[in-house]
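Chemist: In the UniProt record's numbering, the protein residues as written are 1 to 123. Think of the CB as a built atom: it goes at the ideal place given N, C-alpha and C, for glycine as much as any other residue.
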């Protein structure tokens, strides 16, 4: 959308040059399921329009990382994992633990050096 707040560039610029994560875990939940949880809507970021915009930006960031894997391989973008957050807390925790343990093992095995967020963008 046209507002500078939450534009894709705005989201990226805040992180340019910072150490890149080894993994991104996106907790995905529908508006309907999120609204069923206690306290939903009490924070300014839990408004429907804001949630839609934030979700769109995360999808765009994921697509950029996937594109960077092909077009900017030296940037070493993180792997994205989408976790269904509508599951039970226990199931979400198990899935996240498995992702984290796998990532730790891969980083230790490959001795992957630190990389930067969005290195192909201007600082």
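1. Here's the rule I'm using: 16 or more other beta-carbon atoms within 10 Å means buried, otherwise exposed. How should residue 118 be labelled?
2. Which residues does DSSP pair with residue 25 in a beta bridge?
3. Taking 7 Å as the cut-off, does the CB of residue 62 come closer than this to any heavy atom belonging to the ligand PLP?
4. Looking at the unbroken alpha helix (DSSP H) that takes in residue 13, where does it start and where does it end?
5. Output needed for residue 1: all residues of its chain with C-beta closer than 8 Å, excluding positions within five of it in sequence on either side, in chain order.
6. Using CA coordinates, which residue listed in 101, 105, 98 and 86 is at the minimum distance from residue 36?
7. To the nearest angstrom, how far is it from the Cα of residue 60 to the Cα of residue 30?
8. What are the boundary residues of the alpha helix (DSSP H) that includes residue 102?
9. Taking C-beta to C-beta, are residue 18 and residue 116 nearer than 8 Å?
Modeler: So, from the data block:
1. Taking the first residue of the chain shown as 1, we reach residue 118 at position 118. Buried, because 16 or more other Cβ atoms sit within 10 Å of the Cβ of residue 118.
2. Along the chain shown, read from residue 1 onward, the residue named residue 25 stands at position 25. For residue 25, which the question treats as bridged, DSSP gives the partners 81.
3. Ligands are entirely absent from the displayed structure, and the ligand PLP is therefore not among its contents.
4. On the chain shown, position 13 is the one that residue 13 refers to. It spans 8 to 13 - the alpha helix (DSSP H) in which residue 13 sits, taken as one unbroken run.
5. Translated into positions along the chain shown, residue 1 becomes position 1. With a pLDDT of 47 at residue 1, under the threshold of 50, the predicted position of this residue should be treated as unreliable, though the coordinate-derived value follows. Within the same chain, 7 and 53 come within 8 Å of residue 1 by CB-CB distance, once the 5 residues on both sides are set aside.
6. Residue mapping note: residue 36 aligns to position 36 of the chain shown, counting from 1. Closest by alpha carbon: 86.
7. Translated into positions along the chain shown, residue 60 becomes position 60. Translated into positions along the chain shown, residue 30 becomes position 30. For residue 60 and residue 30, the distance between alpha carbons rounds to 18 Å.
8. The count along the chain shown starts at 1 and reaches residue 102 at position 102. For residue 102, the enclosing alpha helix (DSSP H) begins and ends at 89 to 110.
9. In the chain shown, the residue the question calls residue 18 occupies position 18. In the chain shown, the residue the question calls residue 116 occupies position 116. Contact flag set, yes.
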